[in-house]
Amino acid sequence: MTRRLAANSAGITEAVHLLRSGRLVAFPTETVYGLGADATDSAATARIYAAKGRPAFNPLIAHVPDVAAAEREGLFDARARALATAFWPGPLTLVVPARSDGTVCELARAGLASVGLRVPSDPVAQALLRATGRPVAAPSANRSGHVSPTTAAHVLADLEGAVDAVLEGDACAVGLESTIVGCIDGRAVLLRPGSITRAALADVLGEAVASPAADDHAAPQSPGRLLAHYAPATPMRWLGADTVPHGAAVLTYGSAPIPGLEHASVVHNLSANGNLVEAAAKLYSSLRQLDAAGADVILVSEIPKSGLGEAIIDRLTRAIGASSLI
Ligand code: AMP
Ligand code: MG
Numbered sequence: 261m262t263r264r265l266a267a268n269s270a271g272i273t274e275a276v277h278l279l280r281s282g283r284l285v286a287f288p289t290e291t292v293y294g295l296g297a298d299a300t301d302s303a304a305t306a307r308i309y310a311a312k313g314r315p316a317f318n319p320l321i322a323h324v325p326d327v328a329a330a331e332r333e334g335l336f337d338a339r340a341r342a343l344a345t346a347f348w349p350g351p352l353t354l355v356v357p358a359r360s361d362g363t364v365c366e367l368a369r370a371g372l373a374s375v376g377l378r379v380p381s382d383p384v385a386q387a388l389l390r391a392t393g394r395p396v397a398a399p400s401a402n403r404s405g406h407v408s409p410t411t412a413a414h415v416l417a418d419l420e421g422a423v424d425a426v427l428e429g430d431a432c433a434v435g436l437e438s439t440i441v442g443c444i445d446g447r448a449v450l451l452r453p454g455s456i457t458r459a460a461l462a463d464v465l466g467e468a469v470a471s472p473a474a475d476d477h478a479a480p481q482s483p484g485r486l487l488a489h490y491a492p493a494t495p496m497r498w499l500g501a502d503t504v505p506h507g508a509a510v511l512t513y514g515s516a517p518i519p520g521l522e523h524a525s526v527v528h529n530l531s532a533n534g535n536l537v538e539a540a541a542k543l544y545s546s547l548r549q550l551d552a553a554g555a556d557v558i559l560v561s562e563i564p565k566s567g568l569g570e571a572i573i574d575r576l577t578r579a580i581g582a583s584s585l586i
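Right, here's the structure in full:
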C-alpha cells in the first residue's frame, strides 16, 4: 500500500520519518516527481532500483536543500560554483568529483568517483530536504521506460504499492528533467539538455559549454557509456560450473552449495538468504573488499536474473569485462 501524504507540515514530518527509516517517498520537485530515498543508505537506494525495475544501475541525482549541503558532498571548481550561484535553487544538476568524506553512497553514484547534485526550488521539496538533513537520491518516480510523472496521480498510476508514500503536492512547474552539467577536469560539459539552456549557461560561464565527445568516457551521456565505473584490479570471471581453485576470492549469493568453496581465500556472500535488495546494497563494498584481498582471481557464482538480479548481473558483467582488459 502506498500512503498518500498531504503536502503540509504533518505530511512532510511523516515523509521525513519514512526517509530516515530507509523507506521510499515520492515527492514533487519543479522538474518532475522524484522517487526519493536516503542517499546515504545503500539498502534504501537499492529499493529505488527495485521499484523502478531498471535493468542496470545508473547514477542517481542527490537532492540537497542548499549550496552548503552540496559542497559537503562534492568538490566545486569555479565553474561549478558560478553555475550553482546563478541557478540554484532550480532545475540544474551539477556532476562534480565526489568528496572523499561525502555521504552519498556508492550505489547511488553507480560506482563513479563523481556525484550528481541538485538543489530544487519547489517549496515542498525544499522543506522535505531541509528537515531530512541527508541527501535524498531521487530519479523520476516512474517505472523504467515509462514517461516521467508530473503529478502525484501519475506516480500512483505507475508505482502504487512499490513506493511507501507519495507527498501530494502540486503539478510540476517545469515538467522537464533538469539540465545536467558536468564540472570535472576544468571544463563544463552539457551532459543532458533541459530547461536551462546552453545560452543561459554560457552567459554565466563567459564561455560556451562543451558537448561530450562521442569517445569521452569521463563525460557520460547515457548510463551505457559510463566506462569510468569502478573496476577491480584483480581479474574477475564467472565461476560457472567450475570448482573453486585454491586461494581464489569468491563472490556468492544465496545458500546453494558451491564445489570447492572451502579452497577460497575469502568469500563474500551478497545475501545468504537470497534477498536481491540486500545483494544490491552490498555489491560495491563486497567488490572492493574482494579486490583488496590480494587473490589472483575473483570468481562470481550464479545470481538469479529476476528483478534487481538483472542490474546486479549487468554491473558484474561490466566489471568482468573491464578486468579482462588489464
Ligand atoms: P535522472 O534520470 O533525472 O535521475 O538523472 C540521472 C542522470 O544524471 C544519469 O543518467 C547521469 O547522466 C547523471 N548523473 C547523475 N549522477 C551522476 C554522476 N555521479 N556521474 C555522472 N553522471 C551523473
Ligand atoms: Mg526518468
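First residue of the sequence shown? That's 261 in the working numbering, and the numbers climb one at a time after it.
Yeah, the Cβ is synthetic: ideal placement off N, Cα and C, and Gly gets one too.
All values reported here derive from a predicted model rather than from experimental measurement.
Paired residues, beta bridge with residue 529 - DSSP: 512
Three-way DSSP call (helix, strand, coil) for residue 207 in this model: In the structure as shown, the chain begins at 261 and stops at 586. Residue 207 is therefore absent and cannot be evaluated.
Residue 496 - partner residues in DSSP beta bridges: 558
For residue 284 and residue 325, believed in contact at Cβ under 8 Å, the rounded distance: Their Cβ separation, rounded to whole angstroms, is 20 Å, which puts residue 325 and residue 284 out of contact at 8 Å.
Endpoints, beta strand (DSSP E) assigned at residue 452: 447-452
The segment 399-414 contacting the segment 289-299, beta-carbon criterion three pairs below 8 Å: yes
Sub-8 Å separation of residue 343 and residue 464 beta-carbons: yes
Range of the contiguous alpha helix (DSSP H) that encloses residue 274: 269-280
Inter-residue spacing [alpha-carbon to alpha-carbon] between residue 555 and residue 527: 11 Å
CA-to-CA distance, residue 432 to residue 288, given in whole angstroms: 7 Å
Residue 348 vs residue 327 beta-carbon contact at 8 Å: yes
As assigned by DSSP and simplified to three states, the class of residue 438: coil
CB contact flag (residue 351, residue 439, <8 Å): yes
Cβ pair count under 8 Å reaching 3, the segment 333-340 against the segment 566-585: no
Residues that residue 298 bridges to, as DSSP identifies them: 396
Nearest candidate by alpha-carbon position, reference residue 302, set 364, 357, 311: 364
Residue 543: CB within 7 Å of a non-hydrogen atom of the ligand AMP: no
Cβ-based burial, residue 266 [other Cβ within 10 Å; buried from 16]: exposed
Coarse secondary structure for residue 523, derived from DSSP in three states: helix
Spatial neighbours of residue 461 in its chain, beta-carbon cut-off 8 Å, leaving aside the 5 residues before and after: 343, 439, 441, 448, 450, 469
Contacts around residue 563, its chain only, beta-carbon distance under 6 Å, and the 5 residues preceding and following it disregarded: 513, 569, 572, 573
Residue 370, DSSP secondary structure in three states: coil
Identity of the residue in 500, 551, 459 nearest residue 492 by Cα: 551
Distance between residue 495 and residue 548 (C-alpha atoms, nearest Å): 13 Å
The alpha helix (DSSP H) enclosing residue 570, as first and last residue numbers: 569-583
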